[in-house]
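A short write-up of the structure that comes next.
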């Protein structure tokens with residue numbers, strides 16, 4: 001197996017991407033990048049990494065920040081529990097480990113948001129500890145390399161792949177090897193249309209020789225996402241918009257959004273249900289005042305969200321009392337980017353109909 005590993009490392013030295021967290025041997029950029037890369041593509045993570053490293057160049061600046069700032073900077077990336085765990089982990093590293101990442105695996109695993117993969121990635125890449133990493137790219141490479149046809153969703157299959165990864169690992173070049181096998185999965189051994197002719201391991205790849213590359217890895221189907229339906233009230237007074245902050249626990253915890261009502265079923269554009277909700281939640285308005293937008297969609301891991309925004313102009317800064325929100329505020333439109341508005345409601349602000357309505361209302365007011 002050593003020949004395979006050496007060939008992979010040699011390929012990596014010549015073909016690796018110039019990623020910003022690879023420009024230093026310091027552990028902090030690796031630590032930060034691994035949090036950002038969880039459930040996120042590299043191209044999407046890069047601008048967030050650059051933003052974070054400029055604002056928080058060391059673990060100490062990060063640990064001194066507040067959660068609202070972290071959430072605002074994280075907005076649009078999704079999986080917001082990562083942002084909270086990043087801050088919690090930074091504070092523990094500063095408080096309990098003098099600003100140094102713990103180099104003992106068992107201790108590293110006690111940090112918030114640090115699981116076996118992230119711990120192994122930081123410890124191997126930053127400290128060259130002989131720990132294999134197994135992410136989606138590694139699963140794909142090893143499954144094809146050894147023609148593992150079992151369901152990769154099964155824990156037994158994951159354990160078998162982990163064992164193969166550990167056997168392939170070069171103990172004296174652990175970090176280099178781990179980066180190499182992940183890079184191969186990202187650039188060459190792709191999920192669809194893999195570039196087998198360019199692969200440094202194709203002569204050793206059992207799936208390639210058995211003509212099973214497209215069938216491996218096998219992953220059983222996931223349960224269908226649950227559908228949820230929302231009615232969203234975008235209420236304007238002058239240059240201000242009304243927003244509420246979600247609770248500190250649960251989905252999109254601590255994020256800000258426009259006042260939202262959960263529905264049992266999709267809402268048609270001129271549904272009488274709108275009038276009933278208005279009279280209950282916002283009696284100041286009539287249905288004639290409503291300007292409905294098209295239904296928008298947002299896909300989460302387990303949820304398919306459909307939501308219809310309703311645009312409303314208010315003559316005063318009305319209140320919205322709801323147990324759903326920790327607090328509500330009127331925020332200037334040009335300051336909303338500084339608040340942690342979750343991605344689904346950012347889409348409203350970016351929609352052409354919202355922009356047209358905002359501009360038209362501004363002209364009328366002036």
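Numbering (full-length UniProt numbering), first residue to last: 1 to 366. Note that CB positions come from ideal geometry on N, CA and C, so glycine has one too.
- For the 7 Å CB-CB criterion, residue 292 and residue 310 form a contact.
- Just so you know, the alpha carbons of residue 204 and residue 4 end up roughly 8 Å apart.
- The Cβ atoms of residue 42 and residue 180 lie no closer than 7 Å to each other.
- DSSP, reduced to helix, strand and coil, places residue 188 outside both helices and strands of the structure shown, so it counts as coil.
- Comparing C-alpha distances from residue 195 to each of 315, 214, 276, 177 shows the shortest one belongs to 214.
- Between the alpha carbons of residue 148 and residue 75 lies a gap of roughly 38 Å.
- The stretch 149–166 makes no contact with the stretch 97–114; the number of CB pairs closer than 8 Å stays below 3.
- DSSP places residue 297 in the uninterrupted beta strand (DSSP E) bounded by 296–299.
- Counting along the chain, the unbroken beta strand (DSSP E) around residue 226 starts and ends at 226–237.
- Residue 155 sits away from residue 216, with the two beta carbons spaced by 7 Å or more.
- With a cutoff of 7 Å on beta-carbon distance, residue 125 and residue 175 are scored as near each other.
- Spatial neighbours of residue 114 in its own chain (CB-CB distance under 7 Å, excluding positions within 5 residues in sequence) are listed in chain order as 89, 108.
- Excluding the 5 residues flanking it on each side, residue 230 has same chain C-beta neighbours closer than 8 Å at 260, 261, 262, 263, 305, 306, 307, 308, in chain order.
- Burial of residue 236 is indicated by the presence of at least 16 other C-beta atoms within 10 angstroms of its C-beta.
- In this structure residue 280 is exposed. Its beta-carbon is surrounded by fewer than 16 other beta-carbon atoms within 10 angstroms.
- Annotation for residue 308: the continuous beta strand (DSSP E) segment containing it runs 303–313.
- Residue 118 carries a helical assignment under DSSP once its states are collapsed to helix, strand and coil.
- Under the DSSP assignment, residue 330 falls in the beta strand (DSSP E) whose first and last residues are 327–332.
- Within its own chain, the residues whose Cβ lies closer than 6 Å to the Cβ of residue 28, once the five positions on either side in sequence are excluded, are 59, listed in chain order.
- Check the Cα spacing between residue 15 and each of 227, 339, 187: the tightest is with 187.
- Taken atom to atom, the span from the alpha-carbon of residue 341 to that of residue 209 is near 50 Å.
- The alpha carbon of residue 173 has as its nearest neighbour, out of 99, 258, 355, 6, the alpha carbon of 6.
- Each residue's CA atom was taken as its position, placing residue 71 and residue 31 some 18 Å apart.
- Of the other Cβ atoms in all chains shown, 16 or more fall within 10 Å of the Cβ of residue 33; this residue is therefore buried.
- The beta carbon of residue 240 sits closer than 8 Å to the beta carbons of 317, 330, 331, 332, 333 from its chain, once the five residues preceding and following it are set aside; these are given in chain order.
- With a threshold of 16 other beta carbon atoms within 10 Å, residue 319 falls short and is exposed.
- Residue 219 and residue 38 have their C-alpha atoms roughly 20 Å apart.
- For residue 221, the closest alpha carbon among the candidates 103, 152, 353 is that of 152.
- Cβ contact annotation for residue 82 (same chain, cutoff 7 Å, sequence separation greater than five): 35, 38, 113, in chain order.
- Counting C-beta atoms within 10 angstroms of its own C-beta, residue 255 has 16 or more neighbours from the protein chains shown and is therefore classed as buried.
- It is roughly 14 Å from the alpha-carbon of residue 64 to the alpha-carbon of residue 53.
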